[in-house]
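Take 104 as the starting number for the sequence shown in this note's numbering and just add one per residue. First comes the structure, then the notes that go with it.
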Amino acid sequence: MTRVAVLAAALFAFAAQAAVPRCAGVLAHALDADAAWTLERFVPGLPAPLVSTGVVSCCAGSGIVWRVESPFFSEVRMLGDAMVFSDEDGVRRKTAKELPQYDRIRRQTDAFLAGDAHAFDGAFDLRACDTADGWTLTLEPAVGAMKRLFAKVELAGGERLESVTLKTADGGESRIRFSGHAQGAHGLWKEARP
Numbered sequence: 104m105t106r107v108a109v110l111a112a113a114l115f116a117f118a119a120q121a122a123v124p125r126c127a128g129v130l131a132h133a134l135d136a137d138a139a140w141t142l143e144r145f146v147p148g149l150p151a152p153l154v155s156t157g158v159v160s161c162c163a164g165s166g167i168v169w170r171v172e173s174p175f176f177s178e179v180r181m182l183g184d185a186m187v188f189s190d191e192d193g194v195r196r197k198t199a200k201e202l203p204q205y206d207r208i209r210r211q212t213d214a215f216l217a218g219d220a221h222a223f224d225g226a227f228d229l230r231a232c233d234t235a236d237g238w239t240l241t242l243e244p245a246v247g248a249m250k251r252l253f254a255k256v257e258l259a260g261g262e263r264l265e266s267v268t269l270k271t272a273d274g275g276e277s278r279i280r281f282s283g284h285a286q287g288a289h290g291l292w293k294e295a296r297p
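Here you go:
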């Protein structure tokens, strides 16, 4: 679950900066909003999807908090300099330097936000498309290490981000649906940080 949350959040942040204007504005707003989510994870060989629910709270300039509420509690706080993991085993903090992929993605994202339009060159192939009721943005990794984590990511929405679908090379799929959007609420950021 943590891997899905981290990948979705990192790609989501990148897509907000790299997308065509129609979906870029929606994604930029989502990076400063809260939402409820439902995740269905389809694993090859399992007859039914694994389902979890929770909330996500994005605070522009601070990071993303991804909380699983059911079927168990866990939380990942993705901060500029670290990730903080909370679950039944306690609280663990990993600095960006201890998480090489996270550190690299953060550095690339920071460079992109600082104006380096080429910070992600060669990392992803992007395709944005307007649809009858909204838009889709498809990202496919162009780097071997990323290809091992996922084969394709599709973001879709209209006035708001509605879903993120991550597909893996082995046929697995994770579908995240968002609801109950609250712009600038920062609900999980108001709680005491671990």
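Note that beta-carbon positions come from the ideal geometry of N, C-alpha and C, so glycine has one too.
* To do: Return the residue from the list Ser266, Ala272, Ala133 and Gln286 that minimises the CA-CA distance to Glu243.
  => Ala272
* **Closest residue to Ile208 among Ala133, Asp190 and Asp184 (Cα-Cα distance)** => Asp184
* **Minimum C-alpha distance to Gly193 - residue among Ala235, Leu269 and Glu178** => Glu178
* Asked: Hey, Trp238 and Cys126 are a contact pair by Cβ (cut 8 Å); roughly how many whole angstroms apart?
  -> 4 Å
* Asked: Under three-state DSSP, which class holds Leu134?
  -> coil
* Asked: Starting from Lys250 and walking both ways along the alpha helix (DSSP H), at which residues does that stretch end?
  -> Gly247 to Leu252
* May I have a chain-ordered list of the alpha helix (DSSP H) segments no shorter than 4 residues that lie completely inside the segment 159–201? => none
* Given Gly260 as reference, the closest of Asp236, Glu276, Thr141 and Trp140 once Cα atoms are compared -> Asp236
* Rounded straight-line distance, which links the Cα of Lys293 to that of Val256 -> 31 Å
* Going by the CB atoms, is the gap between Asp137 and Leu317 shorter than 9 Å? -> The chain is shown from 104 up to 297; residue 317 falls before or after that span and cannot be answered.
* **Exposed unless 16 or more other CB atoms sit within 10 angstroms - verdict on Phe281** => buried
* **C-alpha gap between Thr156 and Val168, whole angstroms** => 14 Å
* Roughly how many angstroms separate the alpha carbons of Ser189 and Arg195, rounded to a whole number? -> 7 Å
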